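K.L.:
I have a structure I would like to understand better, so I am pasting it below and will then ask my questions one at a time.
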Amino acid sequence: MAQQIIFSKRQRADRIKKPLKYRIKDTLSVFNKSDDKVVSQVMMQIFSKVIIYLLLTFGALITIFPFYWMLATALNPAQKLQAGMPVYFGVDWQFENFLHAWNLQIIKFNGNDYVNQPAPIITQGNKALNLGMWFTNTIITVVINTVLTVLTTILAAYAIAKLKFVGRSKIFGALLITMMLPGEILTIQNLVTMNKLGWQNSYAGIIAPFISSVFYIFLLVQLFTSIPDSLYKAARVDGCGDWKFLWRVMVPMSTNTLATVSVLNAIASWNSFLWPSLIVTDPTIQVLSVGLYDYTAAASATDVYSAPNYIMAASVITILPMFIVYLLLRKQIIAGVSRSGTKG
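This is how it looks when you write it as structure tokens:
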């Protein structure tokens with residue numbers, strides 16, 4: 004019969020500190036030499052772990068490679084890229100490409116040499132724009148949109164989950180039905196409404212149609228419903244009103260889910276393209292996603308020297324803030340999603 008191996012906590016801790024080959028040797032030394040079945044089981048477990056890690060490493064490389072290629076392209080000169088696209092290796096480390104991209108410059112041939120100049124399609128009068136202006140517009144819209152979305156989500160989810168009123172389930176069902184409709188269906192109605200309000204070419208016009216989300220409400224309702232009603236009733240007996248109970252009990256218990264809602268909404272708002280391109284025509288109020296598209300068209304036009312390095316440098320600058328936010332809050336996102344879908 005196979006021997007049952009039981010290690011104490013001290014032994015397990017000591018084994019973890021050892022290199023893998025010594026851990027395998029120590030494990031195998033416990034068995035009787037004649038016990039081939041147990042040895043084969045251990046070797047199979049080791050082999051399966053190696054296969055799993057190889058597959059995970061391969062998947063990670065596939066995921067990371069486009070970002071590596073984007074960064075490598077951003078750091079190479081345009082002439083090298085024109086000679087043979089794409090260039091994966093042999094980076095020239097031209098960090099000045101990021102400065103040219105920040106200033107929204109393109110490359111033109113003046114008859115003798117290639118020179119940098121502001122993209123004509125994105126100039127306002129005699130004043131050339133820069134990426135910083137679009138950054139400011141995007142940050143303003145993202146912050147305001149995220150704060151208002153989180154506020155409306157909290158209030159709506161609390162009303163549906165804890166307050167008792169006639170038609171509550173029907174209202175919640177109607178909200179869930181709207182999740183089946185694509186957002187593009189409301190684009191024309193929203194555009195007409197914003198124009199009648201005079202909010203075209205304004206922050207209000209960009210933000211107003213998207214200050215609530217049924218998906219986020221549903222996500223938070225699942226969490227609020229899992230909190231026992233006995234806690235709510237006890238708070239009411241102690242004289243705690245709904246408003247006080249919401250902000251002092253429910254919200255602190257929902258920080259992970261609220262962090263998830265905030266990050267997902269911020270990313271969606273940061274990457275929003277269709278609506279800003281319709282409601283904004285003034286380049287000084289434009290957001291990054293639409294501005295980057297205009298810059299890409301200007302930097303790759305037929306009458307200029309194509310500058311994929313500047314385009315990629317601008318893309319790196321554009322995605323970097325959301326990438327950093329996700330890295331800092333990835334644990335809260337995972338915890339928020341897992342908890343919001345679990346009752347009890």
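The sequence shown runs 4 to 347 under our numbering. C-beta: ideal position from N, C-alpha, C; glycine also. What you are looking at is a predicted structure, and each value in this text was computed from that prediction instead of being measured.
(1) Tell me, please, which residues DSSP counts as bridged to Asn106.
(2) Using 8 Å as the Cβ pair cut-off and three pairs as the minimum, do the region 146-161 and the region 217-228 touch?
(3) Report back the beta-carbon spacing between Ile109 and Val293 to the nearest angstrom; my notes put them in contact at under 8 Å.
(4) What residues in its chain sit with their C-beta under 7 Å from that of Lys165, if we drop five residues either side in the sequence?
(5) Enumerate in chain order the residues of its own chain whose CB-to-CB distance from Phe175 is below 6 Å, with the five nearest sequence positions on each side excluded.
(6) Just to confirm before moving on: does the CB-CB distance between Trp105 and Gln289 stay below 8 Å?
(7) Under 8 Å between the Cβ atoms of Val328 and Val153?
(8) For a quick check, are the C-beta atoms of Met325 and Met73 less than 8 Å apart?
(9) Expressed to the nearest angstrom, what Euclidean distance is found between the alpha-carbon atoms of Lys334 and Ser257?
(10) Looking at the unbroken alpha helix (DSSP H) that takes in Tyr308, where does it start and where does it end?
(11) Tell me Val118's beta-bridge partners as DSSP assigns them.
(12) Is Leu223 buried or exposed, if buried means 16 or more other CB atoms sit within 10 Å of its CB?
(13) Tell me where the alpha helix (DSSP H) around Ala211 begins and ends.
(14) Please look up how many angstroms separate the CB atoms of Ala310 and Ala302, rounded, as I've assumed it's under 8 Å.
(15) Looking at the unbroken alpha helix (DSSP H) that takes in Arg239, where does it start and where does it end?
(16) Which one of Ser280, Ile270, Ala300 has the shortest CA to CA distance from Ile322?
(17) Counting only the same chain and skipping the five closest in sequence on each side, list residues whose C-beta sits under 8 Å from that of Ile3.
(18) Got a sec, what are the start and stop residues for the alpha helix (DSSP H) Gly170 sits in?
(19) Rounding to the nearest angstrom, what Cα-Cα distance links Gln203 and Arg171 in this structure?
(20) Measure from the alpha carbon of Leu134 to the alpha carbon of each residue in Phe276, Ser318, Lys52, then state which is nearest.
(21) Using a Cβ-Cβ cutoff of less than 8 Å, which residues in the same chain neighbour Thr190 once the five nearest sequence positions on both sides are dropped?
(22) Helix, strand or coil for Gln82 per DSSP?
(23) Whose C-alpha, out of Met197, Lys111, Asp232, is nearest the C-alpha of Val252?
(24) At what residues does the alpha helix (DSSP H) containing Phe248 begin and finish?
(25) Write down every uninterrupted run of the alpha helix (DSSP H) in the region 252-315 whose length is 4 residues or greater and which is fully enclosed by it, in chain order.
(26) By Cβ distance below 6 Å, which residues in the same chain neighbour Phe68 in space, the five residues on each side in sequence not counted?
P.N.:
Let me lay it out:
(1) For the purposes of this step, residue 106 is taken as the residue at position 103 of the sequence shown. Asn106 pairs with nothing; no bridge assigned.
(2) yes
(3) Position 106 of the sequence shown holds residue 109. Position 290 of the sequence shown holds residue 293. The pair is not a contact, with the Cβ atoms about 18 Å apart (cut-off 8 Å).
(4) The residue given as residue 165 occupies position 162 in the sequence shown. Phe227, Tyr235.
(5) Looking up residue 175 in the sequence shown gives position 172. The answer, listed in chain order, is Ile163.
(6) Position 102 of the sequence shown, counted from the first residue, corresponds to residue 105. Position 286 of the sequence shown, counted from the first residue, corresponds to residue 289. Not in contact: Trp105 and Gln289 (Cβ atoms no closer than 8 Å).
(7) If you number the sequence shown from 1, residue 328 lands on position 325. If you number the sequence shown from 1, residue 153 lands on position 150. No, they are not a contact pair.
(8) Along the sequence shown, read from residue 1 onward, the residue named residue 325 stands at position 322. Along the sequence shown, read from residue 1 onward, the residue named residue 73 stands at position 70. No, these two residues do not count as a Cβ contact at 8 Å.
(9) What you label residue 334 is simply residue 331 of the sequence shown in a count that begins at 1. What you label residue 257 is simply residue 254 of the sequence shown in a count that begins at 1. Lys334 and Ser257: Cα-Cα distance of roughly 14 Å.
(10) For the purposes of this step, residue 308 is taken as residue 305 along the sequence shown, with counting starting at 1. Where Tyr308 is concerned, there is no enclosing alpha helix (DSSP H), given that its DSSP letter is neither H nor E.
(11) Locating residue 118 in the sequence shown gives position 115, where the first residue counts as 1. Its beta-bridge partners are Lys111.
(12) Counting from 1 along the sequence shown, the entry for residue 223 is found at position 220. It counts as buried.
(13) Walking along the sequence shown from the start, residue 211 turns up at place 208. First-last for Ala211: undefined, no H or E at that position.
(14) Numbered from 1 along the sequence shown, position 307 holds the residue referred to as residue 310. Numbered from 1 along the sequence shown, position 299 holds the residue referred to as residue 302. Going by Cβ atoms, the distance from Ala310 to Ala302 rounds to 5 Å, so yes, they are a contact pair.
(15) Here residue 239 refers to the residue found at position 236 of the sequence shown. 232-240 is the extent of the alpha helix (DSSP H) around Arg239.
(16) In the sequence shown, counting from the first residue as 1, residue 322 sits at position 319. It is Ile270 whose Cα lies nearest to the Cα of Ile322.
(17) An answer regarding residue 3 cannot be provided, because it is not within the stretch 4 to 347 covered by the chain.
(18) Translated into the one-based positions of the sequence shown, residue 170 becomes position 167. Here Gly170 belongs to no alpha helix (DSSP H), and DSSP marks it neither H nor E.
(19) Your numbering for residue 203 matches position 200 in the sequence shown. Your numbering for residue 171 matches position 168 in the sequence shown. About 35 Å.
(20) Taking the sequence shown and counting its residues from 1, the one referred to as residue 134 is at position 131. Measuring from the Cα of Leu134, the nearest candidate turns out to be Ser318.
(21) As a position in the sequence shown, residue 190 is number 187, starting the count at 1. For Thr190, where only same-chain residues beyond five positions count, the Cβ hits under 8 Å are Leu277, Trp278, Leu281.
(22) Residue 82 sits at position 79 when you count from the first residue of the sequence shown. The answer is helix: DSSP assigns Gln82 an H, G or I state.
(23) Along the sequence shown, one-based indexing puts residue 252 at 249. Closest option to Val252, Cα to Cα, is Asp232.
(24) Looking up residue 248 in the sequence shown gives position 245. Counting along the chain, the alpha helix (DSSP H) containing Phe248 begins and ends at 245-248.
(25) 258-273, 277-282, 291-302
(26) Numbered from its first residue, the sequence shown carries residue 68 at position 65. Here the set comprises nothing.
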